[in-house]
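A short worksheet on the structure shown next.
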């Protein structure tokens, strides 16, 4: 017993030292470059009515009383970069002013409710859904320059996609025209799942089929992703994709979703030494580490987050 505990202690010490060395390397290395989005387009020959894309952005945070500082920074930055858009930052109370949200089983994670809300809002009003943990570094014209009457623009998961002919659709950023055929089918399919008698068993015939879900993990948490997989396989939708690894999840992929390392890039490293991305998607782990760093006041001057705060306060980008 003593020997095992000693070995474990040594391993923990070595891992701690390795982590500290990695952090120092992250802080002092120069990785400055511009990362351009990588696009994919599917079914461009699909005949569609002349879509319109409403200039409205939908954001959601469940509780208005518990909005983290970093989320407020994200929202302020979205408003600043998208002044021509109506930005609606909703919560569990104000969302009812726009849509009816049926009761969802309490056995399902709260993220499932947010998944329903995003699809319902886009089906009803069109526009853009952004997770409220997205930091914009540019306006979003780079997306609209590529949209050509598509049913939607979304990101795909490089990590989960094995067959590039069937990219795994993510839902943290969606551009949808009013009346999108894809969004309507996605909402209908997702609703069948989450309002069934057993939502987590609804896709049992699909979620274990690797030719469908490919490398998707946590299928019971990502039911909305499986709904997208199903309707995209069964229909001919005109969809514009961008690679997550070339935009929002660039740092998460680079550091293998290690929240501490990504947060170090954003809060401890000179912004001039980090890659330039169109936007950054904060995972919950990164968000929590950044939030703690903000609370402690240990944000490095000249770091990305320091400059985000500075630009938000000055009202300039």
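Numbering (my numbering), first residue to last: 1072 to 1388.
Don't be surprised by glycine CBs; every beta carbon is placed ideally from N, CA and C.
Note that this is a predicted model, so its numbers are computed, not measured.
Query, Result
"Whether residue 1332 touches residue 1326 by CB criterion (7 Å)", "yes"
"Minimum Cβ-Cβ distance from residue 1168 to chain B less than 7 Å", "As a matter of chain content, chain B is missing from the structure shown, which is built from one protein chain."
"Boundaries of the beta strand (DSSP E) in which residue 1162 is found, first to last residue", "Where residue 1162 is concerned, there is no enclosing beta strand (DSSP E), given that its DSSP letter is neither H nor E."
"Inter-residue spacing [alpha-carbon to alpha-carbon] between residue 1289 and residue 1385", "41 Å"
"Where the alpha helix (DSSP H) containing residue 1359 begins and where it ends", "1355 to 1367"
"Residue environment, residue 1173, which counts as buried when at least 16 other CB atoms sit within 10 Å", "exposed"
"Cα-Cα separation, residue 1104 to residue 1344", "8 Å"
"Residues bridged to residue 1314 [DSSP beta-bridge criterion]", "1227"
"Alpha carbon of residue 1241 to alpha carbon of residue 1223, nearest angstrom", "12 Å"
"Assigned secondary structure, residue 1213 (DSSP; H/G/I helix, E/B strand, else coil)", "helix"
"Per-residue burial, residue 1373 [other beta carbons within 10 Å of its own, 16 or more giving buried]", "exposed"
"Buried or exposed (CB count within 10 angstroms, at least 16 for buried), residue 1347", "exposed"
"Boundaries of the beta strand (DSSP E) in which residue 1206 is found, first to last residue", "1205 to 1207"
"Entirely enclosed beta strand (DSSP E) segments - the segment 1229 to 1297, minimum 3 residues", "1240 to 1247"
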